[in-house]
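Visitor:
Numbering (full-length UniProt numbering), first residue to last: 1 to 563.
Here it is in structure tokens:
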């Protein structure tokens, strides 16, 4: 029997299979490429060039030296629209940017369609079970309920106010020493203001149970310093060395800085956070130690509670609140559990990092506007002429210009973005927003004076008004825009007309707003009363900033003249 040659039988098909395979392979690759391309949401403007690339807007964002927040503003401005979608690369959902003031206020105040964003939660695993890192739910409500008494006027005015005043007195003493040594030359205020905020937030929570002071350590270090050996910077600025902090305070500072770095890292935040928490000897030691440290202070609060003593510290109030809540719900209290430890720890981190960023901007802007300093100093003389105002004097005095200065600083240099997640299918400005979409509320928005001609921007510029008679240039620092005359002809502060997003709005607004405002009010009043803030060389000025936990100036230098 003749043998059968399969190759000769399939010869024509064999010759055809090679180009067919190539064609099918190319078709598959093309289909896969199309599948990787961004899928824009219908009806929302986007960059068509970015939509044609699997990387979307990501290369444009990475190439922008100004960072995420400024990049978002530029996209809204370029498209002349209050809403825009950023296409963030393969398999990523579009991120919706919104700069409409009225819509933003409605989102935060009157709608339950949006919740805390995973965009933030995923970047801060080191916060643990802190309420800032939770979606709105029972655990979040429990954690927030512990803090209610801490923001009551009694605790703020009787405990927090004097603690802030005492800490600012320490800072004044430190800066008097530095100003004398610097002799008219500039020096950095960045670390000192972070140290001030650290002392305040630690005292706010632990009271007299924690006797150490980071600022007192710096003062003592300055007294022992050999000034002729000080380092001089590139622009004749004096570089002061730093005294070591109490290990717990140093750990809070280091972890806050690590969180800020993780926020902007190009590596997966969860991976970097895991490495810091479990593999880094320095951070691993802190996380074990801070649990023990905070639990010890909770035990002190429990002793006072058992003895029916009056609450004295922030931890006391948290423990007393939890005891009442547990009794009412007929459950076991969670004293010493991780959720209560992390609530205290998270407040310590967030309080010192965000408030210090705002304090830096206040003093930078005052140094650039000497006329504002003069008017503010004149107003402060009405509180206690001839001597430094007390905490009570600053808290209770009517100081409209001081309030306007603080509000204007927050308007210009507040947090740039407020992220939210769509909790369900919903609409924004008439556009469909699917459940799970990340929405970034652009707090400062585009520079409307440079925006393209469009009916939207025209209408918005008309409604974007302030109560006073300030300049229409929204990039200018002009506190007068917040002042109006009342029926008696007196100038009064009016901060209600324009929605201020520095602390967010609604139930997920920053819980520590009142404490931060009190700290800014007391610090600014005391500093302006004590010092003239002089201009610094251009190389040490400028408003370049980083956006992490807060919007933080990269440069913060002082030239002081003691009054």
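Where is the CB? At the ideal position from N, CA and C, for every residue including glycine.
Hey, residue 540 and residue 179: beta-carbon distance below 7 Å or not?
Guide: Not a contact, by the Cβ cut-off of 7 Å.
Visitor: Grouping DSSP H, G and I as helix and E and B as strand, with all else coil, what is residue 617?
Guide: Because the chain in this structure spans residues 1 to 563, residue 617 falls outside the shown range and cannot be described.
Visitor: Hey, which unbroken runs of the alpha helix (DSSP H) at 4 residues or more fall wholly within the stretch 469 to 533?
Guide: You should have 513 to 530.
Visitor: Residues in its own chain within less than 8 Å of residue 64 by CB, not counting five upstream and five downstream?
Guide: The residues are 70, 71, 74.
Visitor: Should residue 203 and residue 243 be called a contact, given that it needs their Cβ atoms to be closer than 7 Å?
Guide: In this structure, residue 243 does not lie closer than 7 Å to residue 203 by Cβ.
Visitor: Taking DSSP's pairing of strands, which residues face residue 365 in a bridge?
Guide: Answer by DSSP bridge pairing: none, since residue 365 is not bridged.
Visitor: Hey, would you say residue 483 sits closer than 7 Å to residue 400, going by beta carbons?
Guide: Contact: yes.
Visitor: Give the single residue among 136, 191, 249, 239 whose Cα lies nearest to the Cα of residue 205.
Guide: Taking only the C-alpha atoms, the option nearest residue 205 is 249.
Visitor: For a test of the three-state rule: what should DSSP assign to residue 155, helix, strand or coil?
Guide: Helix at residue 155.
Visitor: Under 8 Å, with one C-beta from each stretch per pair, do the stretch 85 to 95 and the stretch 363 to 383 reach the 3-pair mark?
Guide: Contact fails: fewer than three Cβ-Cβ distances are below 8 Å.
Visitor: Return the CA-CA distance between residue 556 and residue 26, expressed in angstroms with no decimal places.
Guide: Approximately 56 Å between the Cα atoms of the pair.
Visitor: What is the C-beta distance between residue 196 and residue 168, in whole angstroms, given that I count them as a contact (C-beta under 8 Å)?
Guide: Contact flag correct, Cβ pair sits at about 7 Å.
Visitor: Kindly indicate the opening and closing residues of the beta strand (DSSP E) around residue 84.
Guide: Unbroken beta strand (DSSP E) run through residue 84: 83 to 86.
Visitor: So what does residue 551 bridge to, in DSSP terms?
Guide: DSSP, once it has assigned bridges, lists 547 as partnering residue 551.
Visitor: Would you list the residues sitting across from residue 426 in a DSSP beta bridge?
Guide: Answer is 433.
Visitor: Which ranges would you report for the alpha helix (DSSP H) in the stretch 259 to 341 if only whole runs of at least 4 residues count?
Guide: Correct list: 269 to 274, 281 to 306, 314 to 329.
Visitor: For residue 194, which residues from the same chain have a beta carbon less than 6 Å from its beta carbon, with the 5 sequence-adjacent residues on both sides left out?
Guide: The answer, listed in chain order, is 356.
Visitor: For residue 419, list the residues DSSP reports as bridge partners.
Guide: The partner list for residue 419 (beta bridge, DSSP) reads 440.
Visitor: Taking 8 Å as the limit between beta carbons, can you name the residues of its chain near residue 36, skipping five residues before and five after?
Guide: Excluding sequence neighbours, residue 36 sits near 54, 90, 91.
Visitor: Assess, as a yes-or-no matter, whether the stretch 255 to 275 is touched by the stretch 121 to 135 under the definition of 3 or more beta carbon pairs within less than 8 Å.
Guide: The stretch 121 to 135, when compared against the stretch 255 to 275, does touch it at the 8 Å Cβ threshold.
Visitor: Go through the stretch 31 to 108 residue by residue and report every complete run of the beta strand (DSSP E) that reaches 3 residues or more, in order.
Guide: Listed in chain order, they are 83 to 86, 95 to 98.
Visitor: In the structure shown, what three-state DSSP assignment does residue 252 receive?
Guide: Helix at residue 252.
Visitor: Compare the C-alpha of residue 564 against each of 389, 40, 542, 307 and name the closest.
Guide: Nothing can be reported for residue 564, as the shown portion of the chain is limited to 1 through 563.
Visitor: Scan the stretch 114 to 148 and note each continuous beta strand (DSSP E) run of 3 residues or more that stays entirely inside, going in chain order.
Guide: Listed in chain order, the complete beta strand (DSSP E) runs (minimum 3 residues) inside the stretch 114 to 148 are 114 to 116.
Visitor: Taking the DSSP output, what are the residues bridged to residue 187?
Guide: DSSP output for residue 187 lists 238, 558 as bridge partner(s).
Visitor: Which residues mark the beginning and the end of the alpha helix (DSSP H) in which residue 170 is found?
Guide: Here the alpha helix (DSSP H) through residue 170 covers 161 to 182.
Visitor: With a 10 Å radius around its C-beta and 16 neighbouring C-beta atoms as the bar for buried, classify residue 347 as buried or exposed.
Guide: When all chains shown are included, residue 347 counts as buried.
Visitor: Which residue or residues does DSSP assign as beta-bridge partners of residue 232?
Guide: DSSP output for residue 232 lists 238 as bridge partner(s).
Visitor: Using three-state DSSP, classify residue 200 as helix, strand or coil.
Guide: Residue state, collapsed to three classes: helix.
Visitor: Report the rounded CA-to-CA distance for residue 461 versus residue 474, giving the unit in angstroms.
Guide: Below a pLDDT of 50, predicted positions are generally treated as unreliable, and residue 461, at 48, falls in that range; the measurement from the model is reported next regardless. Rounded to whole angstroms, residue 461 to residue 474 spans 10 Å at the Cα level.
Visitor: What separation, rounded to the nearest whole angstrom, lies between the Cα atoms of residue 30 and residue 50?
Guide: Residue 30 and residue 50: Cα-Cα distance of roughly 18 Å.
Visitor: Taking only three categories from DSSP, how would you classify residue 379?
Guide: Looking at residue 379 - three-state DSSP - the assignment turns out to be helix.
Visitor: Could you tell me how far apart the beta carbons of residue 76 and residue 58 are, in whole angstroms, since I believe they sit closer than 8 Å?
Guide: So it is not a contact: roughly 18 Å between Cβ atoms.
Visitor: What are the boundary residues of the alpha helix (DSSP H) that includes residue 393?
Guide: Unbroken alpha helix (DSSP H) run through residue 393: 391 to 396.
Visitor: Look at the alpha carbon of residue 416 and the alpha carbon of residue 410, and state the distance between them as a whole number of angstroms.
Guide: Those two C-alpha atoms are separated by around 10 Å.
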